[in-house]
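Numbered by numbering that gives the first Met the number 0, the letters in the sequence shown go through residues 0 to 263 in order. Idealized CB from N, CA, C, for every residue including glycine. A short write-up of the structure that comes next.
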Amino acid sequence: MHANLLKHRLNSGEPTFCFSVRMARTVNIVSLAQAAGYHGLYVDLQHSSISIDTAAQIFSTALHSEVTAFVRVPSLEPGMISRVLDAGAQGILAPDIRSADEAKALVKAALIAPKGDRSVGGGVPNPRLKGLSGGALAAAINDATLLIAMIETEEAAEKAAEIIGVDGIDAIQIGSNDLTTSMGIPGEYKHERVRTVYEKVISACNAAGKPLIIGGMRRSDELEPYVRMGASRCYFTGADTNFMIEGALKFMAEAKAADAAIMG
């Protein structure tokens with residue numbers, strides 16, 4: 000079994016499905032994700048009040064499942080990145096990367112020497128790396144760590160080739176919500192300026208042989224032009240909070256329809 004199943008699927012071009020965790024506080028979310036057929040989930044420490052300790056329980060549980068758990072960190076602070084990786088996270092989703100220097104800072108904080116400068120702290124072991132030690136273990140840990148740089152401004156898109164060219168960066172994700180908001184056109188994912196950003200970043204990623212992940216879109220009419228443009232078939236379908244609200248609305252509508260039919 001691959002040490003990082005999500006990274007393997009992403010690199011192989013297979014359709015891949017992920018969601019974010021903002022509300023769940025128990026390890027059951029891993030079982031639910033696997034039962035629903037998801038390949039990955041990320042604990043959103045940027046946009047939630049989840050603690051590192053709670054996140055760690057989810058990461059550790061996921062290591063014994065077919066779901067890859069990674070994390071969106073609130074900043075590039077090396078101590079934070081080291082702690083979540085030691086806790087069992089299999090990757091970092093880094094928001095608002097604007098330059099190659101920031102991408103290099105991510106790599107330095109997340110990977111072990113010689114690729115990075117992360118301290119070897121004896122964190123939660125990946126059971127798929129059993130039997131490895133020394134340099135072989137360090138190399139395997141680096142290879143099993145997924146690093147995704149998020150581009151969320153037009154200015155950063157101009158630096159896409161430099162960002163994706165940093166050794167250790169595995170993929171770029173365009174954060175379409177923050178991108179369109181920064182442009183003054185929130186939610187207008189089909190706007191010509193948004194298409195221009197996607198064209199630039201997809202071109203840079205394709206030239207580097209690395210995937211571009213679409214973020215913030217769910218509808219097929221929004222996704223299709225960018226997937227056909229060359230974006231990966233890796234879909235971030237939303238957050239557990241969205242699932243709860245949409246599910247509650249759906250079942251409420253069904254109950255109201257049933258009541259109307261009974262009383263009608």
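Tell me which residues share the same chain as Lys-107 and place their Cβ nearer than 7 Å to its Cβ, disregarding the 5 neighbours each side in the sequence.
Apart from the 5 residues on each side of it in sequence, Lys-107 sits with its Cβ closer than 7 Å to the Cβ of Gly-115, Asp-116 in its chain, given in chain order.
Span of the beta strand (DSSP E) around Thr-236:
Counting along the chain, Thr-236 sits inside the beta strand (DSSP E) bounded by residues 233 to 238.
With hydrogens ignored, establish whether the beta-carbon of Phe-250 is closer than 6 Å to any heavy atom of the ligand GTP.
Annotation note on the ligand GTP: not contained in the displayed structure, which lists no ligands.
Which whole-angstrom value describes the C-beta separation of Val-200 and Glu-153, a residue pair presumed to lie in contact below a C-beta threshold of 8 Å?
That belief does not hold up - the Cβ atoms of Val-200 and Glu-153 are roughly 10 Å apart, past 8 Å.
Is the number of C-beta pairs between the segment 175 to 185 and the segment 208 to 218 that are closer than 8 Å three or more?
Result yes; three or more Cβ-Cβ pairs closer than 8 Å.
Quick one: grab the DSSP three-state call for Tyr-41.
The three-state reading of DSSP puts Tyr-41 in strand, counting E and B together.
Who does Ile-91 pair with in a DSSP beta bridge?
Residue pairing from DSSP places Ile-91 in a beta bridge opposite Val-70, Leu-146.
Identity of the residues DSSP links to Ala-109 by a beta bridge:
For Ala-109, which the question treats as bridged, DSSP gives no partner whatsoever.
Could you check if Pro-210 is buried or exposed, using at least 16 other CB atoms within 10 Å of its CB as the buried criterion?
By the neighbour-count definition (other C-beta atoms within 10 Å, threshold 16), Pro-210 is a buried residue.
Please report the residue range of the alpha helix (DSSP H) in which Gly-78 lies.
For Gly-78, the enclosing alpha helix (DSSP H) starts and ends at 77 to 85.
Can the beta-carbon of Gly-39 be found less than 7 Å from the beta-carbon of Cys-17?
Cβ atoms of Gly-39 and Cys-17: closer than 7 Å.
Are the segment 50 to 60 and the segment 236 to 256 in contact at 8 Å, needing three or more beta carbon pairs?
Contact between the segment 50 to 60 and the segment 236 to 256 is not established, with fewer than three Cβ pairs separated by less than 8 Å.
Run of the beta strand (DSSP E) containing Ala-170, from where it starts to where it stops:
For Ala-170, the uninterrupted beta strand (DSSP E) segment begins and ends at 170 to 174.
What is the C-beta distance between Val-29 and Val-66, in whole angstroms, given that I count them as a contact (C-beta under 8 Å)?
That pair is a contact at about 6 Å.
So, are the CB atoms of Met-22 and Thr-236 less than 7 Å apart?
No. Outside cutoff.
Would Ala-169 be called buried (16 or more neighbouring beta carbons within 10 Å of its own) or exposed?
First, the amino acid is wrong: residue 169 is Asp here, not Ala. Asp-169 counts as buried, since no fewer than 16 other beta carbons sit within 10 angstroms of its beta carbon.
Residue-chain proximity (Pro-126, chain C), Cβ-Cβ < 7 Å
Absent from the structure is chain C; it holds one protein chain and no more.
Burial state of Pro-94, where buried means 16 or more other Cβ atoms lie within 10 Å:
The residue is buried, with at least 16 neighbouring Cβ atoms inside 10 Å.
For Ala-86, the nearest candidate out of Ala-206, Val-119, Asp-100, Leu-75 (CA to CA):
That would be Val-119, whose Cα lies nearest to the Cα of Ala-86.
In chain order, what residues of the same chain lie with their CB nearer than 7 Å to the CB of Ala-109, ignoring the 5 residues before and after it?
Excluding sequence neighbours, Ala-109 sits near Ile-80, Leu-84, Ile-91, Gly-115, Arg-117, Thr-144, Leu-146.
With 16 other Cβ atoms within 10 Å as the buried cut-off, status of Thr-25:
Taking all protein chains shown into account, Thr-25 has fewer than 16 neighbouring C-beta atoms within 10 Å of its C-beta and is therefore exposed.
Cβ neighbours of Ala-203 in the same chain (closer than 6 Å, five flanking residues each side left out)
The residues are Ala-159, Ala-160, Ile-163.
On the three-state DSSP scale, how would you describe Val-25?
Strictly speaking, residue 25 in this sequence is Thr, with Val absent from that position. In the structure shown, Thr-25 sits in coil (DSSP, three-state: anything other than H, G, I, E or B).
Rounded C-alpha distance that separates Ala-138 from Ser-132:
Each residue's alpha carbon lies about 10 Å from the other.
Lys-255 versus Tyr-225: straight-line alpha-carbon distance, rounded:
So the alpha carbons of these two residues sit roughly 38 Å apart.
What does the alpha-carbon distance come out to for the pair Ala-238 and Ala-112?
C-alpha of Ala-238 to C-alpha of Ala-112: approximately 34 Å in a straight line.
So, helix, strand or coil for Thr-15, using DSSP?
DSSP places Thr-15 in strand when its eight states are reduced to three.
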